[in-house]
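In this note's numbering, the protein residues as written are 27 to 731.
For reference, the structure is listed below as C-alpha cells.
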Amino acid sequence: MTIVVHKGVDLDAFGSALALAHVFGGKMFLPEPKNRNVARLSHAVQEWVTDSVEGNVIFCDTDSLGNWKAEFIFDHHGTVYGANSSAVAIWLEDCGYLQKMSENVLELLMSGIYEDTGFLRYHSAKPWDFAAVSSLRRLMKRPFELDIHVSPPLSESHFKAMFKILERQHEIRLLSKIIDISYIYEKESEGEISSVVQLLQSMQDINAYVLLVGSKNRILGICRSDETVPLWDLLQDLNPSGHKYAFVFRKRGNLISFYETLPDLLRSKMLAQTLVTEVSLSKMVLLKPCSVKEALRYSRDYGLAVVCLQEERGLYFITRHDLERLERLGLGESDVLGFSRVLPCFEEQDDLAKAYPILRQRIPLVVKKDDEFYIATTDDLLRQGVVQFYENRSEVIRVGETLYDQIGSLLEHLSKKGLNVYLVGGAIRDYLLGKTPDDIDLCFEGDIEKICLALDELGVSYDVFGKTLSVKCEWNGTKVEFTRARKDLYKGPGVLAEVEPATILEDLERRDFTINAIALQLTPGVSILDPFQGLDDLKDRVIRLIKPWSLREDPSRAFRAINYKNRLNFSLDSQLRQELTAVQVQGKPAPRVLMELRSLLRSSQVFENVRDVINFDLMRFFGRSFVLDERLMSMLEELQQEQQVRTMEVRRIYELVTVILGLGFKDRAERERFFRLLGGAGRLKALSEKLEEEGIIGNLLTDQQ
27 MTIVVHKGVD LDAFGSALAL AHVFGGKMFL PEPKNRNVAR LSHAVQEWVT
77 DSVEGNVIFC DTDSLGNWKA EFIFDHHGTV YGANSSAVAI WLEDCGYLQK
127 MSENVLELLM SGIYEDTGFL RYHSAKPWDF AAVSSLRRLM KRPFELDIHV
177 SPPLSESHFK AMFKILERQH EIRLLSKIID ISYIYEKESE GEISSVVQLL
227 QSMQDINAYV LLVGSKNRIL GICRSDETVP LWDLLQDLNP SGHKYAFVFR
277 KRGNLISFYE TLPDLLRSKM LAQTLVTEVS LSKMVLLKPC SVKEALRYSR
327 DYGLAVVCLQ EERGLYFITR HDLERLERLG LGESDVLGFS RVLPCFEEQD
377 DLAKAYPILR QRIPLVVKKD DEFYIATTDD LLRQGVVQFY ENRSEVIRVG
427 ETLYDQIGSL LEHLSKKGLN VYLVGGAIRD YLLGKTPDDI DLCFEGDIEK
477 ICLALDELGV SYDVFGKTLS VKCEWNGTKV EFTRARKDLY KGPGVLAEVE
527 PATILEDLER RDFTINAIAL QLTPGVSILD PFQGLDDLKD RVIRLIKPWS
577 LREDPSRAFR AINYKNRLNF SLDSQLRQEL TAVQVQGKPA PRVLMELRSL
627 LRSSQVFENV RDVINFDLMR FFGRSFVLDE RLMSMLEELQ QEQQVRTMEV
677 RRIYELVTVI LGLGFKDRAE RERFFRLLGG AGRLKALSEK LEEEGIIGNL
727 LTDQQ
C-alpha cells in the first residue's frame, strides 16, 4: 500500500497519513516540494503510480493528483470536516482502529485538527471536528499540551507580513459571501506564508481570501475559500492548480495593476453566477397613477420607502424622500407619474450581471415570479452587498495619493480617531479634470466636536461655522475646510434649506449635478463613492441633474449650470436643458440667484454666459419685459470685439454687460430694480442712459480710459 500526500506537507496531512500507515503499512510518497509546477508534478505522480506501484494507493489530504488505482481518498476540502485529520480519525474510529493507535499518533492527529481549525475557533471548524477531538481526548492517556502542537509556528517575519497584508486588504461582498483581497511583495515576506493566508481568512470570519505575492513581473496568487464561495470557478481563467478550496495561480504582470483590476473581475463573475431570485425580495404592491399627495400618504400609511406605480406603459417608482421634497415645493396636486422613473422588471432566470447596470442607477430590483412582482429597494441591495458605490478606479486612487502627500499626517490622525473623511464636490471634480483646487473641501461623518478635538490635539487653530456644520483650518500652507455630511430640507421653491446631519450618501444626493456628487473616501482607506455615475459624466463632459426638480428647489442652480458649461467646456444634458426653460419664477430673486448671476457676469467666459442666459430665457427671473433686440445684441458683440483687442478690467466689463442687459427691460421700473439688485444702481443707471442715447459702446470705453 502506498499513501500519497499533497505537496508541502503540514501537520494535518502528515498526521492523517501516519495514522493510515499504522493501519495499512506500506510507505508514504511525498511529492517533491521544489517542483513549483503542479501540473507537471501531477503528471509525474501519475506516471510514478502507474509504473512503480504494485497494489493500491491511498490519497491523503489531496484530490488534485488524481485517483489512479485509489483504494481510498481522504480529502476534507468541501466536505463536512474542517481538517483532514478529523475525517481520518472518525473513519478509524468507525473501523475500530483508532482505539489501537499509539499516544504519539493520537497527538499528531489532534495537532492536525487544531492546526487547520485554529483550535476549533476558525469558522471552517465543523461539528465533526468537535466530535473527532472529543474521541481523541477520550482515548489519550496524558494531557494534551495545546501550545506545543501548533504548526507552522508564526515567526516575527510572519507577523510583519500579516500587518502589511491587513493594511492593503480590500473586501468584495455579495449577499452573504465575502472575499478579501490583498497583496505583498516577495521581498516583504520571508519564507512560506500560505499558513498566514489561512489564518487571515479564518480569524476575520470571511468566506474566501486571495493573497497576491509579487516579484519581478511575476504574480503568485494564494487562495483559500470555504464551500459557499466557488473561488476556483471564479478564477478559472487564471488556470488555478491545487485543491478546489485551497489552490494557487500564477501569471505575469504588474502586481499593483492586477490588484486594482481583480476586484472588478471577481465581482463581475460573482454577479454572473448569482440569480436575481437569490436576493432577499419582498412582495410588491402597485398603485394606480395618482397625485403626489396621495402617493405620499400611501407611503406613510404603509411604511414604504419606495412607491411603485403601474399603468399601460409599464412600471414606475418614486421614493418617499422625493415625494416629501415635491410636496414641500407645492407640487402635491401634480401627477406623480410626471416625477417617477421607469422601473425595469427581470425574470427569475436572469442573473445579477444583467441587472447590475440598472441597479447602479439607484433603481430598485423588481423580479416577476408566478405573475406576482417582488422588489428589493436600493437600501435593501446596499445592505445585502448586491450594489456597491465604493469602487477602486486607479485614476481616482492616484488623487488620494496626491492628497496624502499634502495632508497625509492630518488624515492619519483623523483615521485613528475613527472619523470617516471624504474629498467631495468641486475639489474631487477639479482634481479628476487635472486641475489643482486652491482649497481642499472635506466632508466627514460624525460629530463636529470630534474634528475640533482632533485639531486641538495637533495644535492646529481653526474656526467653527455652526450654521453650515463646518470647520476651517490651515495645514502646512493648505486651506482645509471640513463640512459635516448633511441633507437639505427645502420648505418651498427657492427658500433657504434647513440643514440636518446625514450620511455621506444622503449628502451626495442633496447636491445639484452628478459631477459634483462624487466622493473620495480618505479614511479609513482610499476608495471612490459614485452613486450617480458622475465619473462617467465627467468623462463624457456632460452636466446632468441628480433630480429633475432640483432647479425648483434652488433656482440658482440654473445659473450655476451655465457657469459650469462654459467654464469647464461641458455640454448640458437634454433633461437639464428642458428644466432650464421650464423652471418657474416665484417672487423676487433669491440672494443665491443674484450671487450666481454676478459670478457669470464677472467670469472670463462672460459673453458665452450671457448668450446662454438669454437663450434659456433666464432673465425672466428679474422681470417680464425683457427683450434683447438686435441693437443690444450688436452692442454685446462690439464689446466682445473690443475686449479681445484691448486690456479691460473685469469690473468695467461687468458694468457694461450689466447695463446692456438692463436696457433689455422695456419696463423702466423693472430696469431700475435690476440695477438695484446687482448694486451700484446710480452709476449703472447713468451709464445706461448715456448708452441708450449714443447707441455706441466704443464711446463709453473711451470715456472710461
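Virtual Cβ for every residue (Gly too), placed ideally from N, Cα, C.
8 angstroms Cβ shell around residue i - same chain, five flanking residues per side excluded
i, result
"Y590", "F539, I541, I569 and F596"
"T254", "S202, K203 and N233"
"D489", "V497, K498 and C499"
"V632", "L626, I679, Y680 and V683"
"F701", "T684, G688, A707, L710, K711 and S714"
"C478", "Y488, V490 and V497"
Own chain residues within Cβ distance below 6 angstroms of residue i, not counting five before or after
i, result
"E524", "L515"
"R199", "G411"
"G560", "T540, I541, A543 and I544"
"L436", "W501"
"K513", "E526, A528, E532 and R536"
"H2", "Outside the shown range of the chain, which is 27 to 731, sits residue 2, and nothing can be said about it."
Where residue i falls: helix, strand or coil (DSSP)
i, result
"N63", "Because N63 carries a pLDDT of 43, less than 50, the predicted location of this residue cannot be relied on, and no value is offered for it."
"E398", "strand"
"S487", "coil"
"E718", "helix"
"W501", "strand"
"L200", "strand"
"R168", "coil"
"V305", "coil"
"K614", "coil"
"A545", "strand"
"Y235", "strand"
"V368", "strand"
"Y430", "helix"
"P527", "strand"
"T509", "strand"
Closest residue to residue i among the options (Cα-Cα distance)
i, options, result
"V653", "V639, E663, E664 and V619", "V639"
"E427", "R409, Y457 and D405", "Y457"
"D396", "M310, D473 and Q414", "M310"
"I205", "V223, F189 and S215", "V223"
"T287", "H196, L226 and R326", "H196"
"R699", "L620, F50 and M659", "L620"
"S161", "I572, E119 and E182", "E119"
"Q612", "E656, G356, V332 and I282", "G356"
"I139", "V114, P557, S630 and G122", "V114"
"L226", "E193, G240 and L246", "E193"
"G238", "F691, P550, D563 and I191", "In the sequence on display, residue 238 carries Leu and not Gly. If we check each option's Cα against that of L238, I191 comes out closest."
"K565", "F633, G460 and R512", "G460"
"E350", "E718, I207 and S317", "S317"
"L449", "L546, T529, I477 and D464", "L546"
"G247", "S241, L257, V236 and P256", "V236"
"L291", "L261, E320, A272 and K277", "L261"
"K186", "L165, E214, R164 and R163", "E214"
"L165", "Y123, K314, T143 and F189", "Y123"
"R424", "R244, I454, F415 and D405", "I454"
Cβ neighbours of residue i in the same chain (closer than 7 angstroms, five flanking residues each side left out)
i, result
"T684", "L627, L704 and L710"
"D693", "G649 and S651"
"K167", "E129"
"D378", "Per the sequence presented here, residue 378 reads as Leu, with Asp not at that position. Closer than 7 angstroms at Cβ, skipping near neighbours: L297, T300, V302 and V412."
"L307", "V393, Y400, I401 and A402"
"A584", "L577, L606, V609 and L644"
"Y382", "L297"
Checklist entry - Which residue spans inside the region 240-282 form an unbroken beta strand (DSSP E) run of at least 3? => result With a minimum length of 3 residues, the continuous beta strand (DSSP E) runs that stay inside the region 240-282 are 244-251 and 272-278.
Item to check | beta strand (DSSP E) runs wholly inside the region 330-365, at least 3 long, in chain order | outcome: Runs of the beta strand (DSSP E) inside the region 330-365: 332-337 and 340-345.
Checklist entry - Are three or more beta carbon pairs between the region 119-132 and the region 37-50 nearer than 8 angstroms? => result Yes, they touch.
Item to check | 4 or more residues per run - each alpha helix (DSSP H) lying fully within the region 627-701 | outcome: You should have 632-641, 656-671 and 676-689.
Checklist entry - Per the contact definition of three or more C-beta pairs closer than 8 angstroms, is the region 364-375 in contact with the region 328-348? => result The region 328-348, when compared against the region 364-375, does touch it at the 8 angstroms Cβ threshold.
Checklist entry - Is it a yes or a no for the region 301-309 touching the region 256-266, going by three-plus beta-carbon pairs under 8 angstroms? => result In short, these stretches do not touch, since the Cβ pair count stays below three.
Next on the checklist: Which complete beta strand (DSSP E) runs does the region 433-484 hold, if anything under 3 residues is left out?
Outcome noted: Listed in chain order, they are 446-450 and 465-471.
Item to check | Cβ contact (3+ pairs, closer than 8 angstroms) linking the region 321-333 and the region 272-286 | outcome: Too few Cβ pairs lie closer than 8 angstroms, so no.
Next on the checklist: Just to confirm the assignment: which complete alpha helix (DSSP H) runs, minimum length 4, are found wholly within the region 552-596?
Outcome noted: With a minimum length of 4 residues, the continuous alpha helix (DSSP H) runs that stay inside the region 552-596 are 560-566, 576-579 and 582-594.
Item to check | Complete alpha helix (DSSP H) runs within the region 115-145 (minimum length 4 residues, chain order) | outcome: You should have 129-143.
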